[in-house]
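Counting in the UniProt record's numbering, the sequence shown runs from 1 upward without gaps.
We put the beta carbon where it would ideally sit given N, CA and C, even for glycine.
What follows is a single structure, written as structure tokens, with notes after it.
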Amino acid sequence: MDARHLMLLLLLLRRRRNMLELNRARPRRFGIHPLNRKRCKYGYYESLLPVLKSHPEKFHEFLRIDLVSFNTLLAIISPSLTKNSQRPSISAEERLMVTLRYLATGESFRSLAFQFRLGFSTVSNIVAESCEAIRLHLAPKYLKTPSTAEEWNRIATKFWEKWNSPNTIGAIDGKHILLKAPTNTGSLHYNYKGIFGKCSFKEALDRKVLNLPEAKKLPGTDVFTPPFIVGDAAFPLRDNIMRPFPGNELDYGKRIFNYRLSRARRVIENFFGILSIKWRVLLSRIETSVEVSDKIVWAVLALHNFLIMEGKLNTAALADIGDENNGPWRTIVAPLLAMPQQQPMMRRCTASGKEVRQKLVDYYTNVGAVEWQDAAIGNNEI
């Protein structure tokens with residue numbers, strides 16, 4: 001090897017060594033940042049939580065949950081949050097406080113890290129682990145899908161009594177969750193249409209594994225219809241999913257049907273609207289991986305139902321009432337981020353779906369008419 005080649009080899013080796021040194025992880029400047037060493041004195045958990053516990057209204061305002069429910073929830077999920085470590089660990093109570101504050105506000109992890117005097121990655125891990133614990137312990141009870149015909153029939157009874165909608169076993173809609181685009185995923189998580197066609201609920205409907213009730217007579221008639229779910233134009237018309245007639249130039253029967261369908265759908269609009277104003281993380285862009293985002297959404301839904309079913313959330317004060325009184329949530333979440341409306345397509349309407357819808361048109365304009373419906377469509381309240 002001549003001197004020239006030897007010199008080139010030495011230069012390449014030196015360059016490689018320099019690159020390795022640059023890529024080598026920098027040593028941490030601090031084991032614990034000096035700002036966080038005073039966590040026990042200035043962090044929100046030590047300085048603010050005891051004060052909030054003395055003022056129930058402010059406690060609820062800060063965490064979107066009352067103190068009794070907070071303690072109940074803590075007792076339920078604490079075993080999953082307690083760390084067995086020789087090092088000083090963050091208590092389950094503080095972990096829950098951090099997580100609820102995040103779900104209530106949608107604040108960034110960095111902002112929460114400053115408030116609680118914790119590391120950024122620590123806050124990120126706390127939220128992910130706590131949301132998974134909430135899902136694990138609450139979802140089986142508070143997000144349970146009906147599994148028997150009797151359970152579905154109880155829902156249908158409530159729809160009839162509250163919304164004058166017969167044989168209705170639910171309302172369906174979707175809500176957009178804003179995510180930070182994952183790296184190297186191309187268009188995988190773009191907001192395309194056709195979400196319903198890919199979801200597990202549609203698959204369960206198609207496979208007939210939901211144990212839905214048999215067809216029943218419309219009240220006061222001998223006309224049978226299968227149990228159905230009410231949806232909007234984003235969903236296909238099938239014998240078990242009703243959607244509105246498209247267009248503006250509709251005859252009387254179709255306008256009445258659309259009004260009655262819209263009235264029954266208020267239950268799902270109320271749910272998503274109240275959910276969003278209570279848990280503001282759903283109105284923010286979630287800056288986590290898709291896997292952690294799933295845990296966050298699961299936790300929000302389970303928490304919301306937990307509070308409702310335990311009688312700790314007064315949804316009546318926020319919900320739409322009747323036809324004219326819109327719930328306060330509409331002034332906050334406007335417009336509500338719902339699923340995109342697809343253009344009506346005839347191929348998305350089955351013959352059996354059209355038949356059921358026509359039976360309902362006939363019913364709503366005859367035996368099943370309610371006294372206020374003509375005035376409602378005359379006032380353009382559809």
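- Separation of residue 98 and residue 76 (C-alpha to C-alpha, rounded to the nearest whole angstrom) is 17 Å.
- Contact annotation: residue 246 and residue 234 have beta-carbon atoms that are not nearer than 8 Å.
- For residue 171, the three-state secondary structure derived from DSSP is strand.
- In the three-state scheme derived from DSSP, where H, G and I count as helix and E and B as strand, residue 199 is classed as coil.
- For residue 242, DSSP records a beta bridge to 230.
- Around the C-beta of residue 64, 16 or more other C-beta atoms lie within 10 Å, and the residue is accordingly described as buried.
- Only exposed fits residue 56, as fewer than 16 other CB atoms lie within 10 angstroms of its CB.
- Looking at the DSSP output, residue 224 shares a beta bridge with 217.
- One thing to note: residue 238 has its Cβ no nearer than 8 Å to the Cβ of residue 165.
- By the C-beta density criterion, residue 305 is buried, having at least 16 other C-beta atoms within 10 angstroms.
- 301 is the residue among 154, 301 and 241 whose C-alpha sits nearest the C-alpha of residue 277.
- Residue 373 sits buried, since 16 or more C-beta atoms from the chains shown fall within 10 Å of its C-beta.
- Nearest to residue 136 by C-alpha distance, out of 253, 176, 295 and 281, is 295.
- Judged by DSSP in its simplified three-state form, residue 256 adopts helix.
- The way I'd put it, the stretch 142-153 doesn't touch the stretch 117-132; fewer than three beta-carbon pairs between them come closer than 8 Å.
- In terms of CA proximity to residue 368, 217 leads the group 217, 228 and 8.
- When the beta-carbon positions are compared, residue 160 and residue 227 stay at least 8 Å from each other.
- Secondary-structure assignment with DSSP links residue 112 through no beta bridge to anything.
- Apart from the 5 residues on each side of it in sequence, residue 58 sits with its Cβ closer than 7 Å to the Cβ of 52 in its chain, given in chain order.
- In summary, residue 242 is buried, with 16 or more beta-carbon neighbours lying within 10 Å of its beta-carbon over all protein chains present.
- By the Cβ-count criterion, residue 9 is exposed, with fewer than 16 other Cβ atoms from all chains shown falling within 10 Å of its own Cβ.
- If you draw a 10 Å sphere on the C-beta of residue 240, you find 16 or more other C-beta atoms in it, and that means buried.
- If only complete runs of 4 or more residues are kept, the stretch 48-92 shows the alpha helix (DSSP H) at 49-53, 56-63 and 67-81, in order along the chain.
- Taken atom to atom, the span from the alpha-carbon of residue 66 to that of residue 122 is near 26 Å.
- Beta-carbon to beta-carbon, residue 274 and residue 212 are separated by about 27 Å, too far to satisfy the 8 Å threshold.
- Remark: C-beta atoms of residue 285 and residue 180 approach each other more closely than 8 Å.
- Contact between residue 177 and residue 289 does not hold, since the beta-carbon distance rounds to 13 Å and is not under 8 Å.
- Shown here for residue 210: same chain residues with a beta carbon closer than 6 Å to its own, the five before and five after excluded, namely 204 in chain order.
- By the beta-carbon neighbour count (other beta carbons within 10 angstroms, threshold 16), residue 307 is buried.
- Between residue 357 and residue 257 a beta carbon distance of about 7 Å is seen, short of the 8 Å cut, so the two are scored as contacting.
- In the three-state scheme derived from DSSP, where H, G and I count as helix and E and B as strand, residue 268 is classed as helix.
- With a cutoff of 8 Å on beta-carbon distance, residue 363 and residue 221 are scored as near each other.
- Setting aside the 5 residues that flank it on each side, residue 105 is surrounded in the same chain by 280, each with a C-beta closer than 6 Å to its C-beta; the list follows chain order.
- In this structure, the straight-line span from the alpha carbon of residue 156 to that of residue 114 is close to 49 Å.
- Judged by DSSP in its simplified three-state form, residue 179 adopts strand.
- Annotation for residue 164: no alpha helix (DSSP H) segment contains it, and DSSP assigns it neither H nor E.
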